[in-house]
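What follows is one structure encoded as structure tokens, with my remarks underneath.
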Amino acid sequence: MEKSNDNEIQFTWLDLIKSFHFLTGDRWKKYLVFLIPLFIISFYSIVPPLFLGKIVDFFSLYKPGTSLQPFYFYALFLGISFSLVSYIRLTLKKYIGNLRTDIIYDINVKGFDRLLSLSWMDSRKEVAGEKAQKLNNGTQAFYTLSEQINNEIFQGVTATIGIAV
């Protein structure tokens, strides 16, 4: 974290990654094992429009008597791939959700343990309820950030790349 001229602390993107790494603790690698395939599978959103375009191209050039086999292939591919990708995506999100719940539980346990280990004189400035609320706000922020990464950020990145392609 860096201080700016007006004594505000600047929280950089690198600080965000370091904080996320710190909060996930020893589950960091496991979290990435599920997060990277979820990111890759989110690129599937580019595939259906491409195949629907192929179907439109097929029918715009279609003449009676021409084989419908390419259309059947495109339709079957879209149906099967959509089902498979949906299953994989939802399974990965379930595992990430379970992992996130475990991480939040660990954060709460460590935070309350630290809160209880403080001496009474050190914590007189601030009511214990306020500290517990800060801990709760922090875990909620972690939950919100990880949800946004899994949903909005991945969709935005893949949509941007899909437009460029």
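Take the sequence shown: its position 51, counting from 1, is numbered 51 in UniProt numbering, and each next residue is one higher.
Each residue gets a CB set at the ideal place from its N, CA and C atoms; glycine is no exception.
On a predicted model such as this, the values are computed, not experimentally measured, just so you know.
Counting every other CB atom within 10 Å of its CB across the protein chains shown gives PHE59 a total below 16, marking it as exposed. Distance from the Cα of ILE41 is smallest, within the candidate group VAL165, LEU52, ASN150 and THR24, for ASN150. With respect to the 8 Å criterion, VAL165 and ILE46 are classified as neighbours on the basis of their beta carbons. Between the beta-carbon of PHE142 and that of ILE107 there is about 7 Å, and that keeps the pair under the 8 Å contact cut. Spanning the alpha carbons of GLN148 and GLN155 requires a straight line of approximately 10 Å. A direct Cα-Cα distance of roughly 12 Å separates LYS110 from ALA132. Assignment of VAL165 by DSSP, reduced to helix, strand and coil, places it in the coil class. In the displayed model, THR158 falls within a helix according to three-state DSSP. DSSP, read as helix, strand or coil, puts PRO64 in coil. For ASN108, the enclosing alpha helix (DSSP H) starts and ends at 69-117.
Residue nearest to LYS29 within the set LEU99, PHE73 and THR139 is LEU99 (criterion: CA-CA distance).
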